[in-house]
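Protein chains in written order, with this note's numbering: chain D, -1 to 269; chain V, 3 to 494; chain W, 7 to 327.
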Amino acid sequence: MRVRSPALAAGCALVAVIVAMALLTFFWTPYDPADTTGGRLEPPGAGHLLGTDRLGRDLLTQLMLGARVAVVASLGAVAVGGPLGPAVGVLAGLAARWLDDALAVVLDILLAFPTLLLAMLVVAAKQTSLAAAITAIGLAVSAVVARLTRVLVKRVLAQDYITAARTSGTSWPRIVTGHVLPNIWPTLAVNLALQAGLAALAEASLSYLGLGAPPPNASWGRMLKEAEATVLTSPVAVLAPGALLAMLVIGANLIAQGIREQADPTLRRSR
Amino acid sequence: MKRQTALFIGLALVLTACGTSTPPAEPASVIDVGSLYEPQNLDNAGGGGQGVIEALAGNVYEGLFRLTDDGQVENLLAAGHKVSRDGLTHTFTLREGVRFHSGDPLTGADVKHSLERIIGDGSKSARKGDLSVIKGIDVPDPSTVVVTLSTRSVSFVYNLSQVWIVNDAVRDPATTEDGTGPYKVGTWRRGSSLTLDRFDGYWGERPDNDGAVFHYYTDASALNNALLTGVVDLVTSEQSPDALAQFEGDPRFRISEGTSTTKLLLAFNDREPPFDRALVRRAVSAAIDDRKLLRSIWGDHGILIGSMVPPSDPWYEDLCRLNAYDVALARKLLAEAGLPDGFTFTLDTPNYDPHPTIATFVKSELAKVGITVNIRIITADEWYTKVYQRHDFTATLQEHVNDRDIRWYGDPGFYWGYDNPEVAELIKRAETSATAETQASMMRTAARRIAEDAASDWLYLNPQIVVSSSRLSGYPVNGLNAQFPVYDIKER
Amino acid sequence: MIAYLRRRVLLLAVSFLVASCVLFLLLRLLPGDPANALLPMGATPEQVAEVRHELGTDLPPLEQFASWARKMATLDLGRSLISSLPVGSEIAARLPVTVPLTLLAFLLSVLVAVPVGFFTACRGRTWYGSLIGAASQFGLAVPVFWVGILLIDLFALRLRLLPAGGFPVDGWAHPGAALTALALPVLTVSLVMSASLIRYVHSAALDVLDSDYLRTARALGASFAGAVWRHGLRNAAAPVVSVLGIELATTFLGAVVVEGVFALPGLGSMLVRGFAQHDYPVIQGILALSTFTVLVIGFLTDLVQRLIDPRLRRTTTGTPA
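Right, dumping it as structure tokens:
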């Protein structure tokens, strides 16, 4: 970690702002989240910096609270996809050909299905909740990561030193923990960082469609849905949640780029 | 060349002929209507939903009677109607010269078929229960229909105004239309639009326009954008009040507000604790500031109601005072009920607008008297299965759009399970009473009883808002029972 | 190659069948009742039972499966439970919206992303190179519906240049009107799609530009452009084609949200409604079509990659990352 990448630093800074905002809401918000004493759809002003929603709640407060859901969705999806994706990928990479083929096809299908469809199925099975949304997003993340892992595992297994290890009688579990995982881990970490950002994006889309975190949780996606009707009269209510979301996702992307650069310093030369 | 000349002369002759008999031809005027309610199919007794009534009632299909926009029932396909002294035999004389769009003449057999469709097996009609008083239908001659009832039914004619007369030759009314109305269904691009073409063989007065296109949107914002950009001429029922600000004060648009029958309910499960006790229900009703809620959701539109009756019903009475907003009273009632520190309950909330917002508001209001609300978001499908059929809920939010649905407080088997023999008896006797006056007075008493019991919490009555281009006139303002007749709409 | 083709086609057929069966059972096992969408408030329990019987949803899942499988064998997708119209023709009626939307957005994105990606790879350190890089970062980081809302606000509501949504009543009878209606949706999708494509093309191009063989070719006297053309494109194309395939499939299925924002009567909005009403034949029909499309696209990209890059012919299945 001697080399400090500017991308990593910038990414960490952006994400830190959002995380700090989410943490701050546990101690302080401009108004009580349930405070409905503001006027209906007040424009931005001194009392309410970003105005109010139709219940008279402070939009800035809701915006800050929305950071919680976004961060939880990111972390949650990675918590599901982080172990599940590599596990399936390693299995496919090592498995007999028919199982590998089958898993590859399943992953292809899952990958092409947008998170939205998965979420619809999960919501139909369970009720609408943040957990259901995270499960759906986590499954989608798993599919992406599994697919990547499978290819990486195959690449490692084709190396001569694995053949050498096999012939000297090393067991499969030892090969996986001793050779495969250490080799593919940096690439997976990069990918998981990217996926964390995309998960926040996915949660916003689900909330926009009414399939995400239910109220009274504030979610940027639902704030966008509510603000859509008044975009002509108060565009800031549409712009603000989108901008914060972009900050979080760009932050995650920069972190991913940073990790890659740390692992492979030659990359920085050209980017 | 010769033929073309002949054709040209022929055409000119036709044009002159037209010119002499009718006033100069106006340019074709087709009204573009924007709506959120696309029909599910073309049959109002087969699950077509609210959308099929909106687009087809009065426009494509007609009943024996018509419900006018101010709530009067008048003859339509029935030219005459006689009732026996005991009120059990109704004799209808059909209007002469009425033809279906297919060209078939209207006969008593069509009327019999149309009624049997509603009360028979497999009927998906909401009127099935109301019309099950029908004991027999006879057609002594093609233009006369005699209906015998098992008991008196004072609302019978009103209910008939909601029954469409369909051609008995049509085998699948869900996909094929054959009505007697001034328009026939043209093309239906599912997910997008339904075109109504003027029917030249119409028996009655010619419509003021050449046709209408219903454009369907699933999203209120998209619908408003369509109006703002001139894609549609009017919006049948505005559901995004936040967007009204864009139209207010703009001379290009006109906003009309009528009364609807859509009541927003916080419905308790009256069978089970804690809401099996009127004290607790009244406490909750008193703790919620309905006026503030209405203002939050609808701005300056809509009204408060104190019971299940909208002002458009003959037995309306302002009962808001019975469960008015009073936090002190709420606390007192809770203490009387032995729950001074409040309690916790789960609120089943449909996932579409405005229910989640209302749930959020209710939660924050009830927190002030120590009641904790857990909001559970469910889909419309889940609502019907879990709440409506299985009665597996403590409290729920729901928009009740139906007309005269106070009668469900007389049915202990209905989802909210309100069981008060006095109210059930009143509602039953009201229907079998001899005159509309007796009916109204009994219904008024029933409405007062359920309000005193806080059988549900009636949060507010939706406004019925039509936003239209200021060029148009003649559209229905109230759109009672979701109908939206377009035949009087014209450009000024 | 023939053996490979036969194997892939067989695999494709088997996976399509398995996917359809799994989906069928999954849909029936999940809670949900199409009768709910057909019955009005006030329906009696008897009415509910009658409707279920009429729809056949009261039968045990295996029996429903048998009758569905018999129909599928004759390529009959059945009728919608709600509208009672044939699902096949309903889907066909929606394709003229979704397919042009997908293909136009895809084409526009490729036309923008490939040159821009190459250009930024060659000129990465200039200020406009960084600017494009930053812009594509932003495009990757915003939800597609947000872009849609803002474009509607700007181009339709404020500037009044393009329609805010909807599709002409007479469809493609007037191609100009239909294209105008699709303009903003296509722009929305391709803004987001090209952002991710630019990055893929960019890094694929970088890998090639850094490669030894390109350096060798230049050392042997080939011009920069000539070397890139002869060696670079071919080598960069393989990973890009793989991503293109995935992007195309995702756009086709991802039309759900965009069609919602722009009120387009396409497959996406049909699917959303089908899901809400538990209209099984509709869901099944659309998902069968999209699964098939996805599998075929995967198959084709695999094939194209092999033609481009002979080294890949050693691996078995699945598209390499």
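Think of the CB as a built atom: it goes at the ideal place given N, C-alpha and C, for glycine as much as any other residue. These numbers come from a predicted model, not from an experiment.
Residue-level contact to chain D via CB, residue i, 8 Å cutoff
{"i": "N464(V)", "result": "no"}
{"i": "V300(W)", "result": "yes"}
{"i": "T398(V)", "result": "no"}
{"i": "F347(V)", "result": "no"}
{"i": "Y354(V)", "result": "yes"}
{"i": "I334(W)", "result": "Nothing can be reported for residue 334(W): it is not among the residues displayed for chain W, which extend from 7 to 327."}
{"i": "G291(W)", "result": "no"}
{"i": "F161(W)", "result": "no"}
{"i": "L17(V)", "result": "Model confidence at L17(V) stands at a pLDDT of 41, short of 50, so the residue's coordinates are unreliable; what they give is reported in the following sentence. No, because no Cβ of chain D sits closer than 8 Å to the Cβ of L17(V)."}
{"i": "L146(W)", "result": "yes"}
{"i": "A361(V)", "result": "yes"}
{"i": "N376(V)", "result": "no"}
{"i": "N480(V)", "result": "no"}
{"i": "G36(V)", "result": "no"}
{"i": "W152(W)", "result": "yes"}
{"i": "N226(V)", "result": "yes"}
Test: residue i CB closer than 8 Å to a CB of chain V
{"i": "T231(D)", "result": "yes"}
{"i": "A327(W)", "result": "For A327(W), the pLDDT reaches just 37, beneath the cut-off of 50, and the residue's location in the model is therefore unreliable, leaving the point undetermined."}
{"i": "T113(D)", "result": "no"}
{"i": "T133(D)", "result": "no"}
{"i": "S95(W)", "result": "no"}
Residue range of the unbroken alpha helix (DSSP H) whose run includes residue i
{"i": "W218(D)", "result": "W218 to E226"}
{"i": "E60(W)", "result": "P51 to L61"}
{"i": "H208(W)", "result": "P181 to L215"}
{"i": "N422(V)", "result": "Neither: N422(V) is in no alpha helix (DSSP H) and is coded neither H nor E."}
{"i": "H115(V)", "result": "G110 to I121"}
Extent of the continuous beta strand (DSSP E) run through residue i
{"i": "R378(V)", "result": "T374 to I380"}
{"i": "Y134(W)", "result": "Careful: Y134(W) lies outside any beta strand (DSSP E), inside the alpha helix (DSSP H) at W133 to L146."}
{"i": "R191(V)", "result": "Y185 to R191"}
{"i": "P465(V)", "result": "D459 to S471"}
{"i": "Q52(V)", "result": "Not the beta strand (DSSP E): Q52(V) falls in the alpha helix (DSSP H), residues G51 to L58."}
{"i": "V148(V)", "result": "T146 to L151"}
{"i": "I491(V)", "result": "Run containing I491(V): none; DSSP gives neither H nor E here."}
Residues bridged to residue i (per DSSP)
{"i": "A495(V)", "result": "Not covered by the structure: residue 495(V). The range shown for chain V is 3 to 494."}
{"i": "T359(V)", "result": "For T359(V), which the question treats as bridged, DSSP gives no partner whatsoever."}
{"i": "R85(W)", "result": "P92(W)"}
{"i": "L267(V)", "result": "Q400(V) and W460(V)"}
beta-carbon residue i near the ligand NAP non-hydrogen atom, thresh 7 Å
{"i": "E367(V)", "result": "For the structure depicted, the ligand NAP is absent and the ligand set is empty, with no information on it obtainable."}
Closer than 8 Å to chain W by CB, residue i
{"i": "G240(D)", "result": "yes"}
{"i": "M118(D)", "result": "yes"}
{"i": "A140(D)", "result": "Before going further, note that residue 140(D) is Ser rather than Ala in the sequence given. No, because no Cβ of chain W sits closer than 8 Å to the Cβ of S140(D)."}
{"i": "D99(D)", "result": "yes"}
{"i": "A244(D)", "result": "yes"}
{"i": "L199(D)", "result": "yes"}
{"i": "I491(V)", "result": "no"}
{"i": "V488(V)", "result": "no"}
Any 3 or more C-beta pairs closer than 8 Å across the stretch 137 to 155 of chain W and the stretch 201 to 213 of chain V: No, they do not touch.
Segment contact flag, the stretch 153 to 171 of chain D with the stretch 45 to 61 of chain D, C-beta cutoff 8 Å, min 3 pairs: Result no; under three Cβ-Cβ pairs closer than 8 Å.
Cβ-based contacts, 7 Å cut-off: residues of the stretch 207 to 228 of chain D near chain V: From the stretch 207 to 228 of chain D, only G208, P212, P213, P214, E226, A227 and T228 have a Cβ closer than 7 Å to chain V.
Three-pair Cβ contact test at 8 Å for the stretch 204 to 222 of chain D versus the stretch 72 to 87 of chain D: With the cut-off at 8 Å, the stretch 204 to 222 of chain D and the stretch 72 to 87 of chain D do not touch.
The stretch 462 to 477 of chain V in contact with the stretch 298 to 315 of chain V per 3-pair CB rule at 8 Å: Counting Cβ pairs under 8 Å, three or more are found: they touch.
Proximal residues, the stretch 15 to 44 of chain D versus chain W, C-beta separation under 8 Å: Within the stretch 15 to 44 of chain D, no residue qualifies.
Selection of the stretch 66 to 92 of chain W by Cβ proximity to chain D, strictly under 9 Å: Answer set for the stretch 66 to 92 of chain W: empty.
The stretch 59 to 70 of chain V / the stretch 150 to 170 of chain V touching (three or more Cβ pairs under 8 Å): A contact between stretches requires three or more CB pairs, one per stretch, nearer than 8 Å, and the stretch 59 to 70 of chain V meets this requirement with the stretch 150 to 170 of chain V.
Three-pair Cβ contact test at 8 Å for the stretch 107 to 116 of chain V versus the stretch 51 to 61 of chain V: Too few Cβ pairs lie closer than 8 Å, so no.
Chain W contacts from the stretch 164 to 177 of chain D (Cβ-Cβ distance under 9 Å): Within the stretch 164 to 177 of chain D, no residue has a Cβ that lies closer than 9 Å to any Cβ of chain W.
Chain-ordered residues of the stretch 365 to 395 of chain V with a beta carbon less than 7 Å from chain D: Result list: K365, S366, A369, I377, R378, I379 and I380.
Any 3 or more C-beta pairs closer than 8 Å across the stretch 153 to 163 of chain W and the stretch 193 to 200 of chain W: In short, these stretches touch, since the Cβ pair count reaches three.
Inter-stretch contact (C-beta, 8 Å, three-pair minimum) for the stretch 428 to 447 of chain V and the stretch 208 to 218 of chain V: Under the three-pair Cβ rule at 8 Å, the stretch 428 to 447 of chain V does not count as touching the stretch 208 to 218 of chain V.
Near-chain D residues of the stretch 234 to 258 of chain V (beta-carbon distance less than 7 Å), N- to C-terminal order: Listed by position along the chain: S242, D244, A245, A247 and Q248.
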